[in-house]
Structure formats: C-alpha cells, structure tokens
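Just so we're on the same page, my numbering is the position in the sequence shown counted from 1, plus 1.
Note that beta-carbon positions come from the ideal geometry of N, C-alpha and C, so glycine has one too.
Bear in mind the structure is a predicted one, so any value in this text is a computation, not a measurement.
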Amino acid sequence: MAVRRPAYDDLLLRAGVEPQKLREAHRESDRSGVGILESVSRVHGASPAVVATALAEVLGLRVHEQINLDDVDVELIRPISLAMAREEVFLPICHDGAFVRVGIGDERAMRLLPDLRLLYKKPIRPVVVPTDVLRDVTNKAFDRAARSASSVMEQMRDEGVGEDIDDGNLNLDADLLDDPNQAPIIKFVNTLLTQAVKDRASDIHIEPFERELAVRFRIDGVLYEIVKPPAKLQASIVSRVKIMSGLNIAEKRIPQDGRIRTRIAGREIDLRVSTLPVRHGERVVMRILEKGTVFNLDQIGMGAKMVADFRALIQKPYGIVLVTGPTGSGKTTTLYSALAEINAPDLNILTIEDPIEYELKGIGQTQVNPKIDLTFASALRAHLRQDPDIIMVGEIRDKETADNAVQASLTGHLVFSTLHTNDAPTAFTRLIDMGVEPFLVGSSLVAVQAQRLVRRLCPTCKVAYVPSDAELASARIQRHELGDHTIYKSAGCPACLKTGYKGRTGIYELLIVTDGIREVATQSAAVIKKRAIEEGMLTLRDDGVRKICEGATSIDEVMRVVTTEGLAEV
2 MAVRRPAYDD
12 LLLRAGVEPQ
22 KLREAHRESD
32 RSGVGILESV
42 SRVHGASPAV
52 VATALAEVLG
62 LRVHEQINLD
72 DVDVELIRPI
82 SLAMAREEVF
92 LPICHDGAFV
102 RVGIGDERAM
112 RLLPDLRLLY
122 KKPIRPVVVP
132 TDVLRDVTNK
142 AFDRAARSAS
152 SVMEQMRDEG
162 VGEDIDDGNL
172 NLDADLLDDP
182 NQAPIIKFVN
192 TLLTQAVKDR
202 ASDIHIEPFE
212 RELAVRFRID
222 GVLYEIVKPP
232 AKLQASIVSR
242 VKIMSGLNIA
252 EKRIPQDGRI
262 RTRIAGREID
272 LRVSTLPVRH
282 GERVVMRILE
292 KGTVFNLDQI
302 GMGAKMVADF
312 RALIQKPYGI
322 VLVTGPTGSG
332 KTTTLYSALA
342 EINAPDLNIL
352 TIEDPIEYEL
362 KGIGQTQVNP
372 KIDLTFASAL
382 RAHLRQDPDI
392 IMVGEIRDKE
402 TADNAVQASL
412 TGHLVFSTLH
422 TNDAPTAFTR
432 LIDMGVEPFL
442 VGSSLVAVQA
452 QRLVRRLCPT
462 CKVAYVPSDA
472 ELASARIQRH
482 ELGDHTIYKS
492 AGCPACLKTG
502 YKGRTGIYEL
512 LIVTDGIREV
522 ATQSAAVIKK
532 RAIEEGMLTL
542 RDDGVRKICE
552 GATSIDEVMR
562 VVTTEGLAEV
C-alpha cells in the first residue's frame with residue numbers, strides 16, 4: 002500500500018505560511034504556470050530551504066543543502082541547454098553507482114526524469130536542492146562546460162568540417178540550418194559570442210586573409226588573437242553572422258551595418274555589426290554593448306575634487322561642455338554619465354548620436370542618417386524647435402555643427418558634445434580652425450575635458466616594486482612625485498587572461514573656462530595650457546601619476562596612452 006504523503010498546503014501552513022498568502026500563491030501559480038512552491042517563494046518570501054524541505058517530504062526524497070561544484074560531471078550537462086536547466090529547475094550532478102544523480106528544485110522537474118533516463122541510459126536518482134543553491138551551481142557548471150572557440154574549431158577540424166566546401170562559397174539556395182556542414186558553423190559562432198562576453202571583450206574582429214581567418218577580441222582596449230579558422234570557412238562564418246544581424250548574405254560588394262540582440266549567460270547583449278569588403282572576402286567587426294549598463298560619474302575614475310567640479314559644470318543653465326580625446330577613450334560613457342546625473346522629469350533632454358549605443362530612459366535620442374540628410378547639423382537645428390533644455394551632440398565634425406552648437410549655447414541651452422583633440426586647450430584652436438568666430442569660442446565654452454582610458458592592474462596578480470631611475474627618467478616622472486606610495490606593475494594570471502590587467506579606468510584633464518582663460522582663448526594652445534595650469538588644472542599626465550600612486554595602474558600603461566610630450570610637463 003502506498004504511503005499517504007502530506008499535501009503541500011499542510012506542510013506550508015505548518016512551516017508558517019499564512020493562509021491568505023497561500024491562496025495568493027495558488028492564484029499566482031495558476032496564472033504564471035510556475036509550481037506552487039516557487040509561487041510561495043515569490044508571494045510569501047519563504048526561504049529556499051523551507052521550500053526544499055516541503056518538496057522533499059511530499060516527494061519522499063532526500064535534501065542536499067549544498068552541491069560542490071567539483072562534484073558536477075560537466076559531461077552530463079553538455080547534452081542539455083542552460084535555458085532548459087534554468088526553466089525546469091534541475092541539474093544532472095554525477096554518476097551515483099548504477100544511477101545518475103539529478104538535483105531538482107521544483108516539482109515540475111519530476112516529469113523530465115523519464116527523458117533523462119533515455120538520454121543517459123541509466124536510472125535517475127533525484128535529490129532536492131534549494132533553488133538558490135541549484136541556480137548558482139547551474140550557472141557555474143555550464144560556464145565551466147562551455148568550450149572556447151578554439152576548442153570548437155579544433156573539433157571541427159577533427160571532424161573534417163569545411164573540407165567539402167568549395168573555396169568558401171556558401172550555397173545560397175539552401176537554408177544554413179539544412180546544410181550539415183553549417184551546423185558546426187552555428188555552434189562556432191555562438192561559442193565565439195559567448196567567449197567574447199566571458200572574456201570582457203568590447204569588440205570581435207573577423208578578418209580574412211589568403212590562407213586563413215584571424216579572429217581577434219579587443220579586451221580592455223587591446224586586440225588579442227583568439228583563433229585562426231581555415232580560409233574555406235570564411236564565407237560560411239560571415240554568412241551566419243549576417244543572418245543573425247538581418248543583413249543581405251547575397252551582397253558582398255558593399256559595406257553593411259546590422260544589429261544582433263541576444264541573451265548570453267543571463268545578460269541581454271546588443272551587438273553592432275559592421276561588414277566591409279576586403280581583398281580576400283568580407284571583414285566583420287562586432288561591437289558588444291550590454292543592455293542595462295548603469296552610468297555613474299562616481300565610477301569612471303575621476304578624483305573627488307574633479308567629480309565635484311564636473312557636477313557643478315553640468316548644472317549650468319547654458320554653455321558648451323566639450324569632452325575630447327581619440328576614438329575609444331570613453332567620451333560617450335562620460336557624457337552618458339553626465340546625462341544620467343542631471344536627468345529629471347522637469348528637463349527636456351535630447352541627443353543626436355551616430356550611432357545610438359545605449360538607450361537612456363526619459364531622454365529623446367536621435368540617430369543621424371546622412372542618406373536622408375539627417376546630419377548632426379540638421380538634427381541640431383530640428384532639436385532647437387523641440388523646446389530642449391539640454392542637447393547632447395555626439396560629435397562636432399564641421400563648421401555648420403560647431404556654429405549651431407555655439408548659437409544654441411548662446412540662446413540659453415546647455416550643450417554637451419565631443420571633439421577629437423589631444424588635450425583640452427587644443428579644443429579652442431580646433432573650433433577656431435573650423436571657422437567659429439574667435440570671440441564666440443571663449444564666451445560659449447563652459448569647460449573642456451580631455452580623457453584617456455588606462456587598463457587597471459589585475460588585483461589578483463599585480464606586483465609591488467620600486468621603479469628604477471632609468472624607468473622614471475623614460476617616463477619623465479620625478480621620484481618625489483610618487484611620495485611614499487607603493488608602486489605596482491603587471492604580472493599575469495588566469496583571472497586576467499595572462500594580461501596583467503583587468504578592466505579600465507579613465508585619466509582626465511578638466512579645463513574650466515574662467516575669465517583668465519577667456520583672456521587668452523584666441524591665442525595658441527600652449528598659452529591657454531600655461532594659463533590653465535597656473536589656475537590649478539591637473540593635466541592628463543598629473544592624473545596618470547595619481548592613478549599610479551593609487552595602485553590602479555602601472556607606469557608602462559600611463560606611458561602607453563599619454564604622449565611623451567605630455568609626460569614632460571611639470
């Protein structure tokens with residue numbers, strides 16, 4: 002005779018769940034389709050341990066309160082997907098004698114046991130695991146099981162994938178998924194995207210050459226070669242990327258731009274895709290943008306005084322705030338952080354961008370499109386008719402945009418924009434060279450900030466040392482500037498992919514336009530710089546030395562991004 006097990010409701014009521022909450026949980030369960038135990042967790046906030054105990058008692062199973070990640074057999078989880086394991090709240094753990102032990106966190110997983118028995122050709126022994134423990138181990142186990150792009154490519158070579166492809170030409174009459182040669186291509190591209198996100202890459206480069214492809218990741222601003230697939234796979238790999246990004250796979254003669262939106266390891270990712278015809282095929286670059294990125298002035302590396310000064314500047318009612326620096330120096334991040342700081346329901350904030358990299362809630366963002374004559378200049382004119390308080394112009398590239406920005410600032414609008422100059426003082430001469438009236442430059446500018454990005458030393462492996470006199474002389478740094486601070490250099494470990502660096506931070510030069518600066522605004526950049534330093538401006542070099550003293554970066558890294566002339570300043 003079967004043993005009568007207590008009902009879930011009785012167990013949950015005895016565990017302290019209020020009757021009203023239990024009824025609400027039943028309604029939630031019926032509405033969403035989740036199990037009653039998960040519903041109780043959502044509605045009542047019952048701890049995973051309490052829910053696991055109730056589930057185990059009803060099902061007559063044992064509870065495993067913890068799972069050691071080292072006990073998880075990654076070969077057991079390769080045949081199943083992470084999405085399925087998360088959705089059904091289960092994880093194959095290990096071989097248990099003649100059985101396969103499977104952790105479950107919800108009664109729904111019980112219906113999968115017959116399928117798992119067929120998959121593993123062994124009886125299944127389920128155990129109950131608290132859902133928080135199970136989800137954490139599931140994520141880590143699948144992360145460990147995920148193979149690198151080079152491993153997948155090695156397997157493809159072993160299996161002879163690509164040998165039947167004629168000079169890399171893809172059969173456009175057949176669906177990519179229908180071609181047995183292409184299934185590994187799909188797996189390779191997916192693995193490539195997953196590895197890029199795991200390795201913190203900002204860009205993926207796929208570059209065709211005569212005899213091979215080169216796949217490189219840009220990590221912390223530096224390109225690293227990841228894998229070299231055979232040249233015959235070039236068209237197939239590029240076509241797969243094009244299909245994912247909605248591009249025309251038949252058109253190989255002109256550049257194309259597209260976008261991929263996907264979820265990787267539970268994170269929503271946007272990939273901006275650009276293709277370019279070159280000598281041996283099509284070159285592809287994918288920029289990785291993570292949705293939900295939080296922009297905060299306190300987290301971009303400014304010193305305390307500079308953050309306070311910058312916050313005061315972006316609260317001004319009108320004027321132009323310029324951020325300068327080369328491509329990839331973090332200018333957009335700084336401007337987005339400024340907009341996030343001042344964004345409020347009582348302000349009308351508009352942006353003109355090329356392209357729109359991140360969506361900012363509550364802010365009107367316009368994408369330029371030169372094909373229909375929607376340029377920075379024409380969009381700025383249109384924006385001025387939208388009753389804006391603040392306008393961000395992605396970049397001042399020409400005289401018309403510069404003149405419109407100046408006029409906007411003089412008519413009561415605060416304008417943020419970027420400019421390509423090496424330092425802050427050069428912005429004045431650059432605007433004059435563009436054709437802006439010299440007397441308007443000093444009167445319209447509120448501040449100019451120059452910046453660079455330096456790599457952060459890996460906290461796991463950075464090494465303290467005393468720099469030699471020769472090293473300091475090469476960097477044009479005086480030993481007294483370092484004071485008694487501990488100086489570090491890079492080493493390299495698995496946590497930082499052997500690079501010695503992990504993440505980036507900014508070094509900044511903030512030139513605030515004062516009456517003294519306006520007096521020399523029409524003179525040379527050297528004169529403006531001299532006056533700004535006399536008034537207390539810290540140069541890029543000064544901020545770089547500050548980051549060295551804080552142990553955030555190395556002397557070599559500051560020398561890499563700041564010119565020797567900049568380091569010569571005293």
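Please say whether residue j and residue i have beta carbons closer to each other than 8 Å?
| i | j | result |
| --- | --- | --- |
| Val101 | Leu62 | no |
| Ala55 | Val130 | no |
| Glu510 | Met538 | yes |
| Asp204 | Arg288 | yes |
| Val449 | Leu541 | no |
| Ala409 | Cys459 | no |
| Ser445 | Leu411 | yes |
| Val394 | Leu381 | yes |
| Thr1 | Ala378 | Because the chain spans 2 through 571 in this model, residue 1 falls outside it and cannot be assessed. |
| Gly443 | Ala522 | yes |
| Asp374 | Asn349 | no |
| Ile270 | Val447 | no |
Applying the criterion that 16 or more other CB atoms from any shown protein chain within 10 Å of the CB defines a buried residue, is residue i buried or exposed?
| i | result |
| --- | --- |
| Val467 | exposed |
| Ile207 | buried |
| Ser82 | exposed |
| Ala84 | exposed |
| Thr334 | buried |
| Leu177 | Residue placement at Leu177 is poorly supported in this model, since its pLDDT is 35, which falls under 50; the coordinates are not used for a value here. |
| Gly222 | buried |
| Ile68 | buried |
| Phe296 | buried |
| Lys332 | buried |
| Val464 | exposed |
| Asn405 | buried |
| Asp174 | Low confidence applies to Asp174: its pLDDT is 39, below 50, so where it sits in the model is not reliable, and the reading given next is rough at best. Asp174 is exposed by the Cβ-count criterion. |
| Gln196 | buried |
| Lys243 | buried |
| Leu119 | exposed |
| Thr487 | exposed |
| Ala451 | buried |
| Phe440 | exposed |
| Ile556 | buried |
| Pro181 | In this prediction, Pro181 scores a pLDDT of 43, lower than 50, which makes its location untrustworthy; no coordinate-derived value is stated. |
| Leu70 | exposed |
| Pro124 | exposed |
| Phe254 | Per the sequence presented here, residue 254 reads as Arg, with Phe not at that position. Its Cβ having fewer than 16 others within 10 Å, Arg254 is exposed. |
| Glu558 | buried |
| Ala142 | buried |
What residue does the alpha helix (DSSP H) around residue i start on, and which one ends it?
| i | result |
| --- | --- |
| Asp543 | Leu541 to Cys550 |
| Lys122 | Element bounds for Lys122: n/a, residue is neither H nor E. |
| Gly517 | Asp516 to Glu520 |
| Val51 | Pro49 to Leu60 |
| Ala383 | Phe377 to His384 |
| Met560 | Ile556 to Val562 |
| Arg102 | Premise fails: Arg102 lies in the beta strand (DSSP E), Phe100 to Ile105, not in any alpha helix (DSSP H). |
Can you tell me where the beta strand (DSSP E) holding residue i begins and where it ends?
| i | result |
| --- | --- |
| Ser82 | No beta strand (DSSP E) holds Ser82; DSSP gives it neither H nor E. |
| Val407 | Here Val407 belongs to no beta strand (DSSP E); instead the alpha helix (DSSP H) covers Lys400 to Leu411. |
| Arg505 | Tyr502 to Ile513 |
| Phe91 | Phe91 to Asp97 |
| Lys490 | Ile488 to Lys490 |
| Ala202 | Ala202 to Pro209 |
| Ala533 | From DSSP, Ala533 is part of no beta strand (DSSP E) but of the alpha helix (DSSP H) over Ala526 to Glu535. |
| Glu226 | Val223 to Val228 |
| Arg217 | Leu214 to Ile220 |
| Arg112 | Here Arg112 belongs to no beta strand (DSSP E), and DSSP marks it neither H nor E. |
| Leu420 | Leu415 to Leu420 |
| Met393 | Ile391 to Val394 |
Would you say residue i lies against chain D (beta-carbon separation less than 8 Å)?
| i | result |
| --- | --- |
| Ala380 | Included in the structure is just one protein chain, with no chain D present. |
Secondary structure, beta strand (DSSP E): runs of 3+ residues fully inside the stretch 425 to 472: Runs of the beta strand (DSSP E) inside the stretch 425 to 472: 446 to 458 and 464 to 466.
Segments of 3+ residues assigned as beta strand (DSSP E) that fall wholly inside the stretch 285 to 369: Listed in chain order, they are 320 to 325, 350 to 354 and 365 to 368.
Start-end ranges of the alpha helix (DSSP H) lying completely within the stretch 232 to 292, minimum 4 residues: Taking 4 residues as the shortest admissible run, the stretch 232 to 292 contains the following complete alpha helix (DSSP H) segments, listed from N- to C-terminal end: 235 to 245.
Three or more C-beta pairs below 8 Å linking the stretch 266 to 283 and the stretch 236 to 256: Segments in contact, yes.
Three-pair Cβ contact test at 8 Å for the stretch 277 to 291 versus the stretch 301 to 311: Result no; under three Cβ-Cβ pairs closer than 8 Å.
Three CB pairs or more closer than 8 Å across the stretch 216 to 230 and the stretch 489 to 507: They touch, by the three-pair rule.
Three CB pairs or more closer than 8 Å across the stretch 518 to 537 and the stretch 417 to 432: The stretch 518 to 537 makes contact with the stretch 417 to 432, as at least three CB pairs between them are under 8 Å.
Segment contact, 8 Å Cβ cut-off, at least three pairs: the stretch 258 to 270 with the stretch 226 to 234: Proximity of the stretch 258 to 270 to the stretch 226 to 234 falls short of the contact definition, fewer than three beta-carbon pairs being nearer than 8 Å.
The stretch 470 to 490 / the stretch 544 to 551 touching (three or more Cβ pairs under 8 Å): Result yes; three or more Cβ-Cβ pairs closer than 8 Å.
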